[in-house]
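Encoded as C-alpha cells, the structure appears first; notes follow it.
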Amino acid sequence: MHDLVIIGGGPAGVAAGVYAARKKIKTALITDTFGGQSLVSDKIGNWIGEVEISGFELGQKMEQHLKSHHEGIDIVEGDFVERVERIQGDIPSFKITTRDGKTFEAKTVLLTAGSRRRKLDVPGEKELEGKGVVYCSTCDAPLFGGMDVAVVGGGNAGLEAVEDLIPYANKIFLLHHRDSLKGDAVTQERIKASPKVTVLLNAETKRVLGDKAVTGLEYKELAPGEIHPVRNSPPLGPSGAQSAGEISNGVKTLAVQGVFVEIGIIPNGDLLKGLVALNERGEVVVDHKTQRASVPGVWAAGDATDVLYKQNNISAGDAVKAVLNINDYLRGVERK
Ligand SMILES: Cc1cc2nc3c(=O)[nH]c(=O)nc-3n(C[C@H](O)[C@H](O)[C@H](O)COP(=O)(O)OP(=O)(O)OC[C@H]3O[C@@H](n4cnc5c(N)ncnc54)[C@H](O)[C@@H]3O)c2cc1C
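Residue numbers (my numbering): 41 to 376.
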C-alpha cells in the first residue's frame with residue numbers, strides 16, 4: 041500500500057512528486073507523459089526562474105527534477121489511470137487501475153490530470169486525425185506550408201492557431217459558430233490584418249472530408265448572409281473550386297488540406313466522477329486552502345480542478361499545497 045498515488049505528470053504532478061519525495065511519503069506517480077499541456081508551446085515566458093523556455097525543454101527539466109528524487113518515489117510513465125475506486129473499510133483507501141492493467145492501493149490520491157482537447161465530434165474527424173485534422177497549432181503549423189487550412193474556434197486558442205499558421209499556410213479560414221469572435225481584441229486585429237485570413241462567422245462545422253488525407257470541410261451557414269470576409273482578405277472563390285462552394289441548405293464546402301480544431305478543453309476531473317463532487321464543467325471541486333476534494337483521502341490540483349486561473353505556476357503551487365496537507369493528514373496533524 042502506497043501512502044499516496046499522484047495521477048499526472050504536468051507541472052502540478054511533478055511539483056507534487058518532488059515535494060512528496062522530499063517529505064518521504066511513500067508515493068507512486070502515474071503519468072501518461074511529462075510536462076503537461078504547455079509541452080507544445082514554443083515559448084513560455086512566465087515560468088518563474090526561466091526568462092524564456094520552450095514547453096518541450098520545460099517538460100524535460102520537470103522530468104529530470106522528479107527523477108533526481110527517484111529513490112523516494114515509484115514513477116510509472118507511459119501508462120494511464122482508468123479507474124479510481126474507494127476500498128471498503130473505516131479508514132479511507134483507494135484502488136487505482138491503469139490502462140496497462142496495473143493496480144495500486146493507496147491511503148490518499150492526488151489528481152493532477154489536467155485537461156484534454158475538446159473534439160468536434162463530426163463525421164470524418166476521428167478517421168482523419170493526424171491526416172490533416174490536428175489539435176496543436178504550435179506543433180503542426182509548419183507542416184501546412186503553402187496549403188489552405190481551416191481553423192475551427194473563435195476563442196483565443198483559435199486566434200493563436202491562426203497566428204501560428206500565417207507564416208506558413210497559403211489561405212486560412214477561421215470558422216466560428218457565433219456571430220462574433222470571442223478571443224482578445226488585439227489578437228483579432230492582428231489576424232485581420234493578414235490578407236491570408238478569412239473569418240467565417242455563424243459557421244458550424246459539419247464534416248471533415250477526405251479519404252487518406254483531409255481534402256475539405258463542410259460547414260453550415262447558420263445565419264445566411266452573415267459571413268464576414270475580413271477586410272483585405274480575398275473574397276471566397278466564385279467557382280467554389282478552390283475555396284468554398286454551396287451544396288444545399290446553407291451547407292458549404294471549403295477545399296482545405298488541414299483542419300485545426302481549437303474549440304476548448306475538457307478537464308480530466310471526470311476520472312473521479314462518482315467518487316468526489318465535480319462542478320458543471322467537470323472540474324473537481326476543492327477547498328482552495330488545502331486542495332482537498334469532497335471525500336476524505338482525495339486531493340486535486342491544477343487544471344483538473346475548479347481553480348479560477350489555469351496556469352503552470354498556479355498548478356505547481358496548488359499541488360505543493362496539496363502535498364503539505366496530505367503529509368499532515370497522513371501524520372494525523374489537523375491544522376486550522
Ligand atoms: C498551448 C498551451 C500553451 C500554454 N502556455 C502557457 C504558458 O505560457 N504559461 C502558463 O502558465 N500556462 C500555459 N498554459 C496553461 C498550462 O499549460 C496549464 O495551466 C498547466 O499545464 C496545467 O498543469 P496541470 O499539471 O494541472 O495539468 P496538465 O498540464 O494538463 O498535465 C496533466 C498531466 O497528466 C497526465 N494525465 C492526464 N490524464 C491522465 C491519466 N488518466 N492517467 C495518467 N496521466 C494522465 C498528462 O499526460 C499530463 O502529463 C498553456 C496551455 C496550452 C494548452
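All C-beta atoms in this analysis are idealised placements derived from N, C-alpha and C, irrespective of residue type, glycine included.
The C-alpha of Asp343 is placed about 23 Å away from the C-alpha of Val192. The distance from the Cβ of Gly194 to that of Lys222 is about 5 Å, consistent with a contact at the 8 Å cut-off. Taking the C-beta atoms as reference points, Trp339 is found no nearer than 8 Å to Asn308. At the C-beta level, Leu214 and Leu240 come within 8 Å of one another. In this structure, Pro132 sits away from Gly290, with a CB-CB distance that is not shorter than 8 Å. Per DSSP, Tyr259 is one residue of the beta strand (DSSP E) stretching across Val254 to Glu261. Counting of Cβ neighbours within 10 angstroms places Asp224 among the exposed residues, the total staying below 16. Taken through DSSP and simplified to helix, strand or coil, Gly57 comes out as helix. For Val363, the enclosing alpha helix (DSSP H) has its first and last residue at Asn352 to Leu370. A direct Cα-Cα distance of roughly 37 Å separates Ala146 from Asp82. Distances from the alpha-carbon of Ile206 to those of Asp219, Lys236 and Gln228 put Lys236 closest.
The criterion of a C-beta distance shorter than 8 Å is not satisfied by Val363 and Tyr175. For Ala201, the secondary structure class from DSSP, reduced to helix, strand or coil, is helix. Per DSSP, Ser155 is one residue of the beta strand (DSSP E) stretching across Ser155 to Arg157. Relative to the non-hydrogen atoms of ligand 1, the Cβ of Asn308 comes within a distance shorter than 7 Å of at least one.
Ligand 1 has no heavy atom closer than 7 Å to the beta-carbon of Ala181.
For His42, the three-state secondary structure derived from DSSP is strand.
In chain order, Leu199 place their CB closer than 6 Å to the CB of Thr227, counting only its own chain and leaving out the 5 sequence neighbours on each side. Nearest Cα to Thr71 within the set Val324, Lys101, Val121 and Met41: Val121. If you look at Lys101, you'll find it in the alpha helix (DSSP H) that goes Gly95 to Lys107.
Nearest to Ile306 by alpha-carbon distance, out of Asp180, Ser155 and Arg230, is Ser155. In this structure, ligand 1 has a non-hydrogen atom nearer than 7 Å to the beta-carbon of Asn352. By the C-beta density criterion, Val373 is exposed, having fewer than 16 other C-beta atoms within 10 angstroms. Secondary structure note for Ile306: its beta strand (DSSP E) is the uninterrupted segment Ile305 to Pro307.
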